[in-house]
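Read through the structure below, which is laid out as structure tokens, and then see the notes.
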Amino acid sequence: QWGAMQDQLSSSVGENNYKTWIAPIDFDRIEADGVAVFSVPTNFFGTYVSQHYGDLLLAKLSLVAPEVSRLKFRLANTDTQQAQPRPAPAQSAQPDVLPSAPLDARFTFDRFVVGKPNELAHAAAKRVAEGGLVTFNPLFLYGGVGLGKTHLMHAIAHDLKTNRPDLNVLYLSAEQFMYRFVQALRERRMMDFKELFRSVDVLMVDDVQFIAGKDSTQEEFFHTFNALVDQNKQIIISADRAPDEIKDLENRIRSRLQSGLVVDLHPTDYELRLGILQSKVLTYREQYPSLQIDDGILEFLAHRISTNVRVLEGALTRLFAFASLVGQPITMELTQDCLADVLRASDRKISIEEIQRKVAEHYHIRLSDLIGPKRVRNFARPRQVAMYLCKQLTARSLPEIGRRFGGRDHTTVMHGVKRIEELRIKDSQIADDIELLRRALEA
Ligand code: ADP
Ligand code: MG
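Here full-length UniProt numbering is used: position 163 in the sequence shown is 167, and no number is missing along the way.
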């Protein structure tokens with residue numbers, strides 16, 4: 005049964021979260037007093053899962069095992085009880101203040117790298133975080149998965165705690181909003197629910213697309229929303245798409261959501277990805293003091309990995325962990341080995357032909373000369389540049405690249421790639437050429 009539930013959980017929390025947090029935990033048993041026990045690899049895991057997915061786990065679990073009222077996490081292979089009982093309101097008294105969902109301490113403005121794609125969203129978030137006059141209400145942040153919506157919301161909450169400790173800030177996901185609502189319904193505590201929400205000064209609801217189509221939750225959300233706006237309380241909403249693209253959302257809610265400031269987080273571009281990687285590497289200095297990573301490898305990753313920052317970070321984390329485990333320096337080979345699956349998945353599908361065509365065009369030579377056998381420098385250098393770009397921008401192996409350059413040997417390709425790597429540093433003309441070509445190819 006845990007197996008079936010895992011599948012459901014995977015679709016509720018998303019594959020990444022599932023892999024990171026749910027897959028490693030194991031269902032253990034249900035104790036007599038309705039406590040479901042899970043074993044977790046570390047204490048931190050237990051805390052995190054219980055804070056982030058406790059409500060969800062409990063809800064799903066109580067569908068198949070109605071007797072379950074609490075969750076407990078304990079370390080696998082030990083009997084130390086890492087108890088994090090999520091109090092079941094049916095049994096214990098509900099606290100008087102609405103607990104905010106926990107904030108990730110790393111999601112601060114300091115750690116948010118600003119670039120073209122997110123500068124507007126960042127500026128708006130910063131403004132709201134000052135806690136001054138309510139100027140745009142609601143602030144509606146939207147953008148694809150892993151572009152920093154949750155990060156920005158947590159950052160606002162962190163800042164407000166310092167700037168305006170007097171304000172009652174409530175951050176929660178739309179999913180949590182819904183579970184609390186359903187729970188209140190079940191326990192006939194709607195009055196309390198309403199009152200608690202309406203005593204909030206700043207309400208942040210993450211991933212609001214989640215409540216689309218859920219009629220009664222939508223209804224309650226709408227009332228809460230209106231009550232707060234009428235009292236001039238700040239509301240911050242995030243979603244994975246614009247208000248008018250959320251299906252099954254009531255029109256009056258949609259127009260309310262649009263009535264404030266709507267800003268989007270665009271997919272990351274190369275510069276932003278590189279910036280994020282560089283700042284991430286700095287945070288690894290302490291953890292892995294002996295590991296170095298070349299700018300070249302960071303550039304490679306920024307080029308090759310998709311726009312989702314979570315995937316990008318995950319790749320870097322894995323790379324450092326892997327290198328330190330096997331005790332090897334981070335080389336290009338190691339990187340490609342260790343991240344083969346990620347690289348394949350986000351392969352930009354730039355073809356060798358495309359590269360050859362663009363390079364020939366750029367150097368004003370014929371394609372046949374670029375690929376052909378002539379060794380004169382006018383052709384040989386562009387050829388090496390093209391090989392280098394093929395190596396960097398496609399997932400093709402050296403032998404395959406060689407084949408596509410008139411049947412050359414893989415050592416020839418390797419030599420060419422090395423040569424360009426050296427020249428890039430010494431020769432700014434070559435460096436510029438490569439940058440230009442790269443941009444043209446990725447556009
Ligand atoms: P979303 O909520 O939009 O799906 P998140 O806010 O959870 O995305 O971001 C995913 C991961 O990427 C988080 O670890 C976050 O810290 C990181 N991240 C996203 N954007 C940035 C950025 N501009 N600078 C630094 N880290 C970022
Ligand atoms: Mg999010």
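Glycine included, C-beta positions come from ideal geometry on N, C-alpha and C.
A quick note: this is a predicted structure, and the numbers were derived from the prediction, not measured.
Length of the line joining the Cα atoms of residue i and residue j
i: H56; j: D437; result: 48 Å
i: R66; j: P45; result: Looking at the sequence shown, residue 66 is not Arg but Ser. The straight-line gap from Cα to Cα measures roughly 24 Å.
i: L253; j: G217; result: 6 Å
i: G7; j: V421; result: 48 Å
i: L427; j: G406; result: 21 Å
i: R256; j: F225; result: 12 Å
i: A231; j: P271; result: 34 Å
i: D345; j: L397; result: 15 Å
i: V209; j: T415; result: 56 Å
i: E249; j: F229; result: 20 Å
i: S177; j: A105; result: 8 Å
i: D273; j: L305; result: 12 Å
i: Q12; j: Y52; result: 19 Å
i: P386; j: M336; result: 22 Å
i: S355; j: G18; result: 31 Å
i: V380; j: R423; result: 16 Å
i: T166; j: A133; result: 10 Å
i: L440; j: A129; result: 34 Å
i: L261; j: P247; result: 7 Å
i: A125; j: T311; result: 17 Å
i: residue 454; j: D108; result: Residue 454 lies beyond the residue range present for the chain, which begins at 5 and ends at 447; the question has no answer from this structure.
6 Å Cβ shell around residue i - same chain, five flanking residues per side excluded
i: V173; result: A161, L164, V206
i: R412; result: G406
i: I26; result: L13
Cβ-heavy atom distance, residue i to ligand 1, below 7 Å
i: L278; result: no
i: L253; result: no
i: E179; result: no
i: L151; result: yes
i: V313; result: yes
i: N21; result: no
i: E317; result: yes
i: F326; result: no
i: F214; result: no
i: V204; result: no
i: V346; result: no
i: R115; result: yes
i: F111; result: yes
i: G264; result: no
Beta-carbon contacts of residue i that lie in its chain and below 8 Å, excluding the five residues immediately before and after
i: E317; result: I280, K284
i: G264; result: F140, N141, P142, L143, F144, I239
i: Q222; result: I215, A216, L253, E254, I257
i: P89; result: Low local confidence applies: a pLDDT of 45 at P89 is under 50, so the model's placement there is unreliable, with the coordinate-based value given in what follows. Answer for P89: V39, R74, L75, K76, listed in chain order.
i: L189; result: S220
i: D431; result: none
Contact test: residue i Cβ vs ligand 4 heavy atom, cutoff 7 Å
i: A325; result: As far as ligands go, the structure on display features ligand 1 and ligand 2 and does not contain ligand 4.
Nonlocal neighbours in the same chain, by C-beta distance under 7 Å from residue i, ignoring five residues either side
i: Y292; result: F324, S328
i: S16; result: L60
i: D373; result: F383
i: Q360; result: L371, L374, I375, A390
i: D32; result: V41, F42, S43
i: P121; result: L269, H270, P271, T272, D273, L276
i: A444; result: K362
Exercise. Of all residues in the structure, which have a C-beta closer than 7 Å to any heavy atom of ligand 2, taken in chain order?
Worked result: K153, T154, D210, D211, S242
For this session: Kindly confirm or deny that the segment 65-84 and the segment 24-44 touch, where touching means at least three C-beta pairs closer than 8 Å.
Result: The segment 65-84 and the segment 24-44 touch, with no fewer than 3 CB-CB distances between them shorter than 8 Å.
For this session: Kindly confirm or deny that the segment 325-345 and the segment 357-373 touch, where touching means at least three C-beta pairs closer than 8 Å.
Result: no
For this session: State whether the segment 148-157 contacts the segment 181-200, with contact taken as three or more CB pairs (one from each stretch) at a distance under 8 Å.
Result: Output reads no: the segment 181-200 does not touch the segment 148-157.
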